[in-house]
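Report on the structure given below.
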Amino acid sequence: MAKRLVIIGGGAAGPSSAAEAKRRNKSLQVTMIESGDFVSYAA
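Residue numbering for the sequence shown follows the working numbering, starting at 437 and increasing by one per position.
If you want it as structure tokens, here you go:
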């Protein structure tokens, strides 16, 4: 069973953390929750 990671917030740290987590574990299921219309990306 694949592990799951939920990231709350789409500021610069959210997508950067998601990208790093996927680099470290390719089978990780990542879900990001953002209340706004746009997600920042700064990885």
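Quick reminder that beta carbons are idealized off the backbone N, C-alpha and C, glycines included.
(1) Mind checking who L441 pairs with in its DSSP beta bridge?
(2) Under the assumption that S476 contacts A448 (Cβ atoms under 8 Å), give the Cβ distance between them as a whole number of angstroms.
(3) In three-state terms, what does DSSP make of G480?
(4) CB-CB under 8 Å to L441, same chain, minus the five flanking residues each way: which ones, in chain order?
Let me lay it out:
(1) Position 5 of the sequence shown, counting from 1, holds the residue named residue 441. According to DSSP, L441 bridges with V466.
(2) What you label residue 476 is simply residue 40 of the sequence shown in a count that begins at 1. What you label residue 448 is simply residue 12 of the sequence shown in a count that begins at 1. About 5 Å separates the two Cβ atoms, so the contact holds.
(3) Any property of residue 480 remains undetermined from this structure, which presents the chain solely from 437 to 479.
(4) Position 5 of the sequence shown, counting from 1, holds the residue named residue 441. Same-chain partners within the cutoff: A454, A457, L464, Q465, V466, T467.
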